[in-house]
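Novice:
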Amino acid sequence: MVVLGWFTLAQMPVQAQSRATAAITLDGRRLFEVNEAGQFSAENRAADANLILREAVRSSEPVKVEILQTNQLPVILVNSRHLLTVTRQDTPPGRSTQEQAKIWVQRITEAVRQGQEERRLSYFWRAILLAVLFVLGAIALHLALGWVWRYWLRRLLPQEANHPDTGAQPKGIELFLQLTLVLVRAFLWIGTAIYITDLFPLTREWSQRAVSILWMSLTSPVISIGESSYSVINIIILIGLFVGVLAIAGAVTNLVRSRVLRITNISRGVQESIAVAINYSLIFIGTVVLLQIWGLDITSLAIVASVLGVAIGFGLQGVAKELVSGFVVTFERAIEVGDFVEIGKYMGTVERLNARSTHIRTLDDIVVIVPNSRLLDTEVVNWSHRGSTSRLVLPVRVAYGASISVVRSALLEAARESSDVLKKPAPLVWFQGYGEDFLNFQLLVWISKPRKQFQIKSDLYFKIDEILRQHNINIPYPQRSLHLRSGSLPLELSPQLENSLSHLSEGLIAWLKTQLQTHNSNGFTNQSSQSTKTSTDKNTSD
1 MVVLGWFTLA QMPVQAQSRA TAAITLDGRR LFEVNEAGQF SAENRAADAN LILREAVRSS
61 EPVKVEILQT NQLPVILVNS RHLLTVTRQD TPPGRSTQEQ AKIWVQRITE AVRQGQEERR
121 LSYFWRAILL AVLFVLGAIA LHLALGWVWR YWLRRLLPQE ANHPDTGAQP KGIELFLQLT
181 LVLVRAFLWI GTAIYITDLF PLTREWSQRA VSILWMSLTS PVISIGESSY SVINIIILIG
241 LFVGVLAIAG AVTNLVRSRV LRITNISRGV QESIAVAINY SLIFIGTVVL LQIWGLDITS
301 LAIVASVLGV AIGFGLQGVA KELVSGFVVT FERAIEVGDF VEIGKYMGTV ERLNARSTHI
361 RTLDDIVVIV PNSRLLDTEV VNWSHRGSTS RLVLPVRVAY GASISVVRSA LLEAARESSD
421 VLKKPAPLVW FQGYGEDFLN FQLLVWISKP RKQFQIKSDL YFKIDEILRQ HNINIPYPQR
481 SLHLRSGSLP LELSPQLENS LSHLSEGLIA WLKTQLQTHN SNGFTNQSSQ STKTSTDKNT
541 SD
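To convert, note that position 58 of the sequence shown is 58 in full-length UniProt numbering; the numbers rise steadily by one, no gaps.
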């Protein structure tokens with residue numbers, strides 16, 4: 001019913017446009033419509049009447065609008081000039097031509113009076129003031145809307161959907177808020193522009209012409225398929241209805257996923273496969289029904305399908321490859337939503353399986369979009385395939401001199417103390433052999449959370465280091481010994497370097513001798529002075 005209603009609304013502009021009527025307007029205001037009369041078309045009658053009204057409203061003198069009866073038909077005169085004759089075609093059922101003429105005269109008189117009032121200087125300045133005030137109010141409302149959307153509206157949204165670490169809202173909600181804010185602000189400024197242009201006769205007439213031209217261009221047929229013609233409005237409504245089909249299919253799919261599939265005991269991957277199949281089936285059925293209601297012959301779409309096939313063969317090979325790969329990955333179930341996988345240099349959890357790509361959230365909380373064809377062309381390590389239990393191997397090296405049995409007991413103790421290590425299968429310790437300066441061991445443990453494997457490894461190594469230190473077991477480090485075959489290093493120096501070193505050594509020896517002589521002379525002088533002072537003191541005492 002909704003689709004049929006939209007279809008009826010889409011056809012209304014074409015039907016209205018096909019009527020042989022024309023509008024009588026003044027300063028952009030539509031007063032009434034006239035029909036064709038005899039040999040005069042509606043457009044010619046309206047053009048002559050509009051010209052007379054424009055000339056009358058520009059005069060500062062009062063305009064006289066009256067009715068004159070001629071040939072049993074009322075004739076409307078403006079300043080004694082023939083405006084138009086009211087015919088039977090201009091009157092609706094149940095109304096006489098005389099009554100219709102009185103109604104039109106009243107509208108014309110009011111429109112002319114208002115037009116003359118709007119051309120006065122006092123009205124012009126009053127309209128300018130109103131326009132300025134309205135623009136200032138629109139600016140204030142524009143800023144207020146941003147504040148409401150940014151602070152007040154966000155608080156009304158559920159906080160459970162926010163990111164647990166950063167508190168950021170999902171991108172879908174953020175995009176919806178920004179889009180609605182842009183639309184509301186756009187409607188605000190469009191309304192402001194319409195109000196300001198409606199204040200002045202000239203701008204009102206320009207805007208009315210622009211809207212009329214735009215409406216005619218939107219409602220004029222641009223595409224013909226078979227015996228049906230479609231305008232831009234028809235195409236826009238068709239696109240809107242197709243978007244509605246997509247939204248309804250997505251809503252039904254989410255409802256089935258959350259209310260039906262979730263209570264079953266099937267795995268999450270199978271649930272996603274069923275949901276994808278339901279979604280595409282609803283889209284296909286909805287599209288076919290929509291096209292048939294719209295009046296398109298489905299059999300004629302074979303040509304479109306053939307053209308699409310050629311386009312896929314030449315320009316859309318990559319997209320077609322990704323779509324086919326997506327169907328294979330979805331129904332083969334080698335990779336499912338929630339699996340912890342490693343694809344090349346990326347390692348993370350599969351969040352979504354789309355028709356063209358797969359979303360993987362890495363350990364750095366970054367979403368990587370991987371094309372589906374890559375999942376089939378390259379090796380994929382799936383840590384969660386048919387079960388999440390996986391084994392970790394931790395290499396451990398100890399120095400020579402440590403007891404092998406003590407090392408084995410220490411490693412098993414570290415594994416048993418970790419809550420993330422499974423009890424069954426039990427942890428194992430393998431002695432790999434002797435190295436150059438170490439004993440090589442491997443600790444093998446089983447875990448059920450592959451996503452936490454790096455954290456589990458780190459915790460185990462912390463515990464291993466603590467326990468080995470308690471047992472005085474050392475971790476080896478590389479040691480190197482340097483053995484010289486002779487008493488001197490076999491170094492070869494250039495003659496220039498030898499001469500420089502020789503001059504440097506001679507200069508150093510000369511400087512040392514000078515310093516030694518200076519030190520000896522100073523010592524001798526100090527000793528003589530001390531002897532002389534001792535003799536003098538002795539004589540004085542005598």
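Cβ atoms here follow ideal geometry from the backbone N, Cα and C, with glycine treated the same way.
Which of helix, strand or coil does DSSP assign to alanine 161?
Specialist: Reliability fails at alanine 161, whose pLDDT of 47 lies under 50, so the model's placement of it is uncertain and no value is given.
Novice: Taking the alpha-carbon of serine 80 as reference, which of Ser212, Val65, Arg88 and Trp147 has the nearest alpha-carbon?
Specialist: It is Val65 whose Cα lies nearest to the Cα of serine 80.
Novice: I need the straight-line Cα distance from serine 373 to glycine 28, nearest angstrom please.
Specialist: Between serine 373 and glycine 28, the C-alpha separation is close to 60 angstroms.
Novice: For glutamate 417, which residues in the same chain have their Cβ closer than 8 angstroms to its Cβ, ignoring the five residues on either side in sequence?
Specialist: So the list reads Lys463, once near-sequence residues are dropped.
Novice: Decide if proline 201 is buried, meaning its Cβ has at least 16 other Cβ atoms within 10 Å, or exposed.
Specialist: The residue in question, proline 201, is buried, as its Cβ has 16 or more Cβ neighbours within 10 Å.
Novice: So who's on the other strand from glycine 348, going by DSSP bridges?
Specialist: Paired residue(s): Val341 and Thr362.
Novice: Assuming isoleucine 447 and leucine 411 make a contact with CB atoms under 8 angstroms, what is their CB distance in whole Å?
Specialist: Contact doesn't hold; Cβ gap of about 16 angstroms is too wide.
Novice: Give the straight-line distance between the Cα atoms of glutamate 506 and threonine 514, rounded to the nearest whole angstrom.
Specialist: Distance between the alpha carbons of glutamate 506 and threonine 514: 12 angstroms.
Novice: Please name the residue, chosen from Leu73, Ile139, Leu199 and Thr87, that lies closest to glutamate 118 on a Cα-to-Cα basis.
Specialist: The residue with the shortest Cα to Cα distance from glutamate 118 is Leu199.
Novice: For the segment 434-447 and the segment 391-399, state whether three or more C-beta atom pairs, one from each stretch, are separated by less than 8 angstroms.
Specialist: Touching, yes, given that three or more Cβ pairs across the two stretches are closer than 8 angstroms.
Novice: Over the uninterrupted alpha helix (DSSP H) stretch that includes serine 217, give me the two end residues.
Specialist: Element bounds for serine 217: 201-219.
Novice: If you drop the 5 nearest sequence neighbours on each side, which residues of the same chain put their C-beta closer than 8 angstroms to that of threonine 378?
Specialist: So the list reads Ile343 and Gly344, once near-sequence residues are dropped.
Novice: Using the beta-carbon count (16 or more within 10 Å), is alanine 510 buried or exposed?
Specialist: So alanine 510 counts as exposed.
Novice: Ends of the beta strand (DSSP E) at tyrosine 230?
Specialist: Where tyrosine 230 is concerned, the enclosing beta strand (DSSP E) stretches over 228-231.
Novice: If you reduce the DSSP assignment to three classes, tell me which class phenylalanine 438 lands in.
Specialist: Reduced to three states, the DSSP call for phenylalanine 438 is coil.
Novice: Tell me which residues share the same chain as leucine 68 and place their Cβ nearer than 7 angstroms to its Cβ, disregarding the 5 neighbours each side in the sequence.
Specialist: Here the set comprises Val75 and Leu77.
Novice: For the beta strand (DSSP E) that contains glutamate 33, what are its first and last residues?
Specialist: From DSSP, the beta strand (DSSP E) with glutamate 33 extends over 29-35.
Novice: Looking at the strands, I want to know which residues DSSP matches up with glutamate 99.
Specialist: Glutamate 99 is not bridged to any residue.
Novice: Could you name the residues of the same chain whose beta carbon sits closer than 6 angstroms to that of serine 325, not counting the 5 residues immediately before and after it, in chain order?
Specialist: Excluding positions up to five away in sequence, the list reads Asn372, Ser373 and Leu376.
Novice: Buried or exposed for leucine 362, going by 16 or more other Cβ atoms inside 10 Å?
Specialist: The sequence shown places threonine at residue 362, not leucine. Answer is exposed; the Cβ neighbour count stays below 16.
Novice: Could you name the residues of the same chain whose beta carbon sits closer than 7 angstroms to that of residue 544, not counting the 5 residues immediately before and after it, in chain order?
Specialist: For the chain, the structure presents residues 1 to 542; residue 544 sits outside this window and is missing.
Novice: Suppose you measure from the CA of serine 388 to the CA of serine 458; what does that come to, to the nearest Å?
Specialist: When rounded, the distance between both Cα atoms is 20 angstroms.
Novice: So, using beta-carbon positions, are alanine 399 and phenylalanine 441 closer together than 8 angstroms?
Specialist: No, they are not a contact pair.
Novice: Just to confirm my understanding: we take alanine 20, look at its own chain, exclude 5 residues before and 5 after, and list those with CB closer than 6 angstroms. What are they?
Specialist: Hits under 6 angstroms: Glu36 and Ala42.
Novice: Run through DSSP, which three-state label would glycine 433 get?
Specialist: Strand at glycine 433.
Novice: Taking only three categories from DSSP, how would you classify proline 74?
Specialist: Reduced to three states, the DSSP call for proline 74 is strand.
Novice: Give the DSSP-derived three-state secondary structure of alanine 20 in the structure shown.
Specialist: Looking at alanine 20 - three-state DSSP - the assignment turns out to be coil, as it is neither helix nor strand.
Novice: Give me the Cβ distance between arginine 257 and threonine 349, rounded to the nearest whole Å; I'm assuming they're in contact under 8 angstroms.
Specialist: Their Cβ separation, rounded to whole angstroms, is 18 angstroms, which puts arginine 257 and threonine 349 out of contact at 8 angstroms.
Novice: Please determine, among Ile266, Ala402 and Ile285, the residue with the shortest C-alpha to C-alpha distance to valine 337.
Specialist: It is Ile266 whose Cα lies nearest to the Cα of valine 337.
Novice: Can you list, in chain order, the residues of its chain with a C-beta nearer than 7 angstroms to that of isoleucine 467? Leave out the 5 residues immediately preceding and following it.
Specialist: The answer, listed in chain order, is Ala410, Glu413 and Ala414.
Novice: Which term fits arginine 126, buried or exposed, when burial requires 16 or more other beta carbons within 10 angstroms of its beta carbon?
Specialist: Under this definition arginine 126 is an exposed residue.
Novice: CA-CA distance, proline 221 and tryptophan 215?
Specialist: Their backbone Cα atoms lie some 12 angstroms apart in a straight line.
Novice: Checking 8 angstroms against the spacing of the C-beta atoms, do glutamate 351 and valine 367 come in under that value?
Specialist: Yes, the Cβ-Cβ distance between glutamate 351 and valine 367 is below 8 angstroms.
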